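**Q** full-length UniProt numbering numbers the first residue of the sequence shown as 1 and each following residue consecutively. Yeah, the Cβ is synthetic: ideal placement off N, Cα and C, and Gly gets one too. As the structure is a computational prediction, the values presented were derived from the model and not from experiment.
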Amino acid sequence: GLIRMDEKAVEIQVVKDDFGVARATYEEATREYIKIMKEQTGKEVTVEVKLDETEFLPASVVGGVVVRARKGKIVLDNTLQSRLKVASATLMPTLRFALFIFFLFQISYTNYCVRISFPTYLAFVIHHMHHTYTGFFFLFCTEAACLE
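1) Classify Arg68: buried if its beta carbon has 16 or more other beta carbons within 10 angstroms, exposed otherwise.
2) Count the other CB atoms, across all protein chains shown, that sit within 10 Å of the CB of Val86; report buried if there are 16 or more and exposed otherwise.
3) So, do the segment 79–94 and the segment 38–45 have three or more beta carbon pairs nearer to each other than 8 Å?
4) Answer with buried or exposed for Met5, where buried requires no fewer than 16 other C-beta atoms within 10 angstroms of its C-beta.
5) Give a yes or no on whether the C-beta atoms belonging to Leu2 and Ala22 are separated by under 9 Å.
6) If I follow the unbroken alpha helix (DSSP H) through Leu57, where does it start and stop?
7) By how many angstroms is the C-alpha of Gln40 removed from the C-alpha of Thr54?
8) Please determine, among Ala59, Lys38, Arg31 and Ile36, the residue with the shortest C-alpha to C-alpha distance to Glu48.
9) Can you tell me where the alpha helix (DSSP H) holding Arg23 begins and where it ends?
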C-alpha cells in the first residue's frame with residue numbers, strides 16, 4: 001500500500017483481530033518500502049507510518065488494510081473484500097461472453113453430439129483470458145468437429 005500511495009505520511013487501519021500482527025510487521029514493511037524506493041528511484045525517501053489504534057475496520061472485513069493519507073482525503077482500500085470486487089468486475093465481461101457463446105451453441109447444436117460441460121468450457125476461457133475470443137473459437141471448432 002505504501003508504494004501505491006507514495007505519500008510522506010500515512011495511517012493504517014486494520015481489523016481489531018489483526019492489530020497484533022499489524023503492529024509486529026508495519027515497521028518492517030516501512031523499512032522494506034524505503035529500501036525498494038531507494039533501489040527503484042535512487043532517492044532516499046522518508047515516510048511516517050501510523051497504525052490507527054483507536055478505530056478499527058469492521059469485523060465483517062475478512063482481512064487486509066485500509067491506508068489513508070492527507071487526513072483521509074486519499075484512501076487505498078486493500079481489504080480482501082475490495083480486492084474480490086475488483087477481480088469480479090474484471091472477470092465479468094469475460095464471464096458474460098462465455099455464457100452467451102456457450103448457451104448459443106448449446107441451443108444451436110443440441111442434438112448433434114456430446115456437449116462439453118460448462119465448467120470445463122469456463123475454465124478454458126478463464127485460462128485464456130488474455131484473448132477473450134479464444135474460448136469462442138475453441139467452442140466453434142469443437143461444435144464444427146461434432147457435426148462432421
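**A** Reading it off the structure:
1) Locating residue 68 in the sequence shown gives position 68, where the first residue counts as 1. Burial call: buried.
2) In the sequence shown, the residue the question calls residue 86 occupies position 86. Exposed.
3) no
4) Numbered from 1 along the sequence shown, position 5 holds the residue referred to as residue 5. Per the 10 Å Cβ criterion, buried.
5) If you number the sequence shown from 1, residue 2 lands on position 2. If you number the sequence shown from 1, residue 22 lands on position 22. Ala22 is positioned such that its CB atom lies no closer than 9 Å to that of Leu2.
6) By 1-based counting over the sequence shown, the position of residue 57 is 57. Taken as a continuous stretch (DSSP letters only), Leu57 belongs to no alpha helix (DSSP H), as it is neither H nor E.
7) By 1-based counting over the sequence shown, the position of residue 54 is 54. By 1-based counting over the sequence shown, the position of residue 40 is 40. Roughly 34 Å between the two C-alpha positions.
8) Taking the sequence shown and counting its residues from 1, one reaches residue 48 at position 48. Nearest C-alpha to Glu48: Arg31.
9) Residue mapping note: residue 23 aligns to position 23 of the sequence shown, counting from 1. Per DSSP, the continuous alpha helix (DSSP H) segment holding Arg23 begins and ends at Phe19 to Thr41.
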